[in-house]
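So the structure is just underneath, and the comments pick up after that.
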Amino acid sequence: MKVQDIHFVFVIETGFTMQAFSSAVEVVRVARKLGASKALSYSVASLNDCATAASNGIEVLPNCAINELPKQAILVIVSGAGADRNPNPGLIKSLRRWARAGHAIWALSSGVVRLAQAGLLDDCKVSAHWEDVPYLKEYHPRVELSNSLFHLAGKHPTSSGGGAAADLMLDFIGQHTHDDLIADVAARLMIDGVRDGRVRQPVPAALRYTTPNRTVFAALRMMEENLYEVVPIRDIARHVGASQRQLERLFKAEFGKTPKVVYLDMRLDEARQEVLAGHRAVVDIATDYGFAVATFSKAYRRIFGATPTEDRNKRSHSMS
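In structure tokens form, the structure reads like this:
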């Protein structure tokens, strides 16, 4: 699809997430203002063509009739918390009809839940808000879940919600225009650069580490709190009231790995978030997390299949 053909229709339902909606819309609006007015356009629709209240109570008035959607439009479904508990058969039916008609269909926030309920995400990799993940795992096991901020590749691009909707739009528009425009859009919106879609969502520790063992959980929390200054495993074991050998047995039972390996993986994963953000030199990131540069690169490749520099460049290549 060429950039001059792109028209987004944001389809909202009652209780939709305003932040995700406005974050995405504002990127398109500012991109138009800064020179892409002939390339991009957008409108808003709702199933009943009436003003629709977001989860914060603010109503948005549609300007596109739901039965007159542009044929080549990208439909962006925006829902909110409760989509898993409140069925919307009218929207599900419409989603299936739009898919049969060949519309591109995206989802922001809990719009991912609606696409799953319509059967459109089976065997698809998606980014879903961490609050929606338990429901999707239980009721839609064929959906391939990612903990990333957004996922642009594939049939149905998705965003986990919130500010990540802006990142999704910036990444997409950047692939169809040029980096200068995206940098200008981000600056106007006070966004500190475009986050890589592979950056993981900020998830509460209690959900990241779903272990019933309190000793293991306490050890994981201590590791997380000491990613920069590495604490010896024996000290972590002492802190959580276990011997080092006992802690190793518990970790092996939970993860199939020793505490040392789990700790290393955590440090590398956190370091990767900074690598993908693209703001700091790799040597500085390595040093911050207690690695020699050569050791960091070797360990990084072992886990992620590429050196830090190669991993960072993957995104710049995809946008060039």
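Count the sequence shown with full-length UniProt numbering and you get residues 1 to 320, in order.
All C-beta atoms, glycine included, are put in the ideal place defined by N, C-alpha and C.
- Collapsing the DSSP output to three states places T52 in a strand.
- Contact between the region 42-54 and the region 3-17 is established, with three or more Cβ pairs separated by less than 8 Å.
- Within the model, the alpha-carbon separation for I182 versus D171 is close to 8 Å.
- Between F21 and Y42, the CB-CB gap reaches or exceeds 8 Å.
- Taking each of E144, D196, V283 in turn and checking the Cα distance to M169, the smallest one comes out for D196.
- Within the same chain, V293, F296 come within 6 Å of A286 by CB-CB distance, once the 5 residues on both sides are set aside.
- If you draw a straight line from the Cα of V76 to the Cα of L276, it is about 26 Å long.
- It is roughly 16 Å from the alpha-carbon of N147 to the alpha-carbon of D123.
- In this structure, the straight-line span from the alpha carbon of R234 to that of L247 is close to 9 Å.
- As DSSP reads the structure, T158 sits in a beta bridge with A107, H151.
- Below 8 Å, too few C-beta pairs join the region 132-150 and the region 29-38 to call them touching: fewer than three.
- Using a Cβ distance threshold of 8 Å, L69 and A45 count as a contacting pair.
- If you look at V282, you'll find it isn't in any beta strand (DSSP E); it sits in the alpha helix (DSSP H) that goes 282-288.
- Closest by C-alpha distance to G82, out of A101, S110, V216, is S110.
- Residue environment for E274: buried (at least 16 other C-beta atoms within 10 angstroms of its C-beta).
- The beta carbon of L264 lies closer than 8 Å to those of A299 in the same chain, with the five residues before and after it left out.
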